[in-house]
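Sequential numbering from 297 applies to the sequence shown in this note's numbering.
Everything on this sheet refers to the single structure shown next.
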Amino acid sequence: MSSRAFSRLLVRRSGLSAVVLCVALVAAGGATAQQPPAAQGRPAPGSPPPLVERADTIAVTPVVVPNFWNVERRLERPDAAKLPKELRFVTTDDYPPFNFINSTGALSGFNIDLARAICAELSVTCSFQTASFADVADVVDQGRAEAAIAGLVATPAARATLDFSERYLGTPARFVGRRQETLAKATPEEVASKKVAVVSRTAHEAYLRSFFNEAAIRPYPDLKAAQEAVKAGQVDLLFGDGITLALWLNGTDSGNCCRFVGGPFTESRFFGDGFSVAVKEGNDTLRHAMDFALQRIWEKGVYTDLYLRWFPVGFY
């Protein structure tokens, strides 16, 4: 992967192909994210969303599908008369596997399929336009699109002109080790004896130094260098963005060297609140409609199908 591959949220270009996994439901709600205990007066990381675990019928390692929705909550179906008959989404075309131009020249990706599922749930037609990531918010704010689905995060700056749905995808951190690594749990006690690669001056380094400071932390100038270090066995583990690492593990650059070790870390103070659908500020009707559609998509199993299709190596 090129250095541009990690220029936004450390999740960019990869060799990931859209693979539909043959899966069987093996557990629900039992998986939890790895969380180091409070140490030296620091609070422990926040609680993760409930998880649904699914296992490939052939592979040994299960794919865990995150759940960000309270299934006991019943949202009111939006009034169709108050919704546009055509829902115009704006996105980018350079953010695989979320939104990109595929080999046939069509706009494709997880975000695109999710947007189509939203439109189907709301019984409206879908259309898409692309813009640079820097211009996506302006397209919605100026009324040239009703919604944006482009890996947007509900930051305070973004909320100045946009309102956001509930998140539909988190950005957890994960440990990666070589396949022969015997470590089963990524706890501070277990990791204390390990050499851990991390990209310097990032939230991931700050997290390690806050909760895993007994480990031999090895900062690297960029993710490529950190990946090569764990691949070559110069370090025992690599800690970084789970989405990026999942794409790397599933791509050719990893050489099938490595696997995830332990569970996800979901502390929003370090790793953000995740991706949401953005609408124009004050458009409460559409924002509520997005929340309704996303929850229904989860309840019907559509979200799980999309996640397994686009992320054959899950990052939860």
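We put the beta carbon where it would ideally sit given N, CA and C, even for glycine.
Quick caveat: nothing in here was measured; it's all calculated off a predicted structure.
Three-state secondary structure (DSSP) of residue i
{"i": "F508", "result": "coil"}
{"i": "L321", "result": "The predicted position of L321 is uncertain, since its pLDDT is 31 and thus under 50; no value can be drawn from it."}
{"i": "D601", "result": "helix"}
{"i": "T581", "result": "helix"}
{"i": "R474", "result": "strand"}
{"i": "Y391", "result": "strand"}
{"i": "Y464", "result": "coil"}
{"i": "Y503", "result": "helix"}
{"i": "L533", "result": "strand"}
Under 8 angstroms between C-beta atoms of residue i and residue j
{"i": "K378", "j": "T581", "result": "yes"}
{"i": "V386", "j": "A444", "result": "yes"}
{"i": "A574", "j": "A430", "result": "no"}
{"i": "P560", "j": "G529", "result": "no"}
{"i": "V492", "j": "A511", "result": "yes"}
{"i": "V531", "j": "P515", "result": "no"}
{"i": "G473", "j": "V557", "result": "yes"}
{"i": "D587", "j": "L371", "result": "yes"}
{"i": "A252", "j": "F607", "result": "This structure cannot settle anything about residue 252, because the visible part of the chain is limited to 297 through 612."}
{"i": "D389", "j": "L403", "result": "yes"}
Where the alpha helix (DSSP H) through residue i begins and ends
{"i": "V367", "result": "Note, V367: premise wrong, no alpha helix (DSSP H); not H, not E."}
{"i": "K520", "result": "519 to 527"}
{"i": "S564", "result": "564 to 567"}
{"i": "L418", "result": "406 to 418"}
{"i": "V449", "result": "That residue, V449, is in no alpha helix (DSSP H); its beta strand (DSSP E) goes 443 to 449."}
From the options, residue whose alpha carbon lies closest to that of residue i
{"i": "N546", "options": "S461, F460, F588, P393", "result": "P393"}
{"i": "N366", "options": "L602, R592, V598", "result": "R592"}
{"i": "E462", "options": "V449, R474, R470, E368", "result": "V449"}
{"i": "R369", "options": "V609, Y599, E595, Y603", "result": "E595"}
{"i": "T451", "options": "F567, R583, Q438", "result": "F567"}
{"i": "L479", "options": "G551, L371, R555", "result": "R555"}
{"i": "T426", "options": "S399, N395, R412, L418", "result": "N395"}
Cross-strand partners of residue i (DSSP beta bridge)
{"i": "G538", "result": "None, per the DSSP bridge assignment."}
{"i": "Q425", "result": "V386"}
{"i": "C554", "result": "R474"}
{"i": "S572", "result": "L448"}
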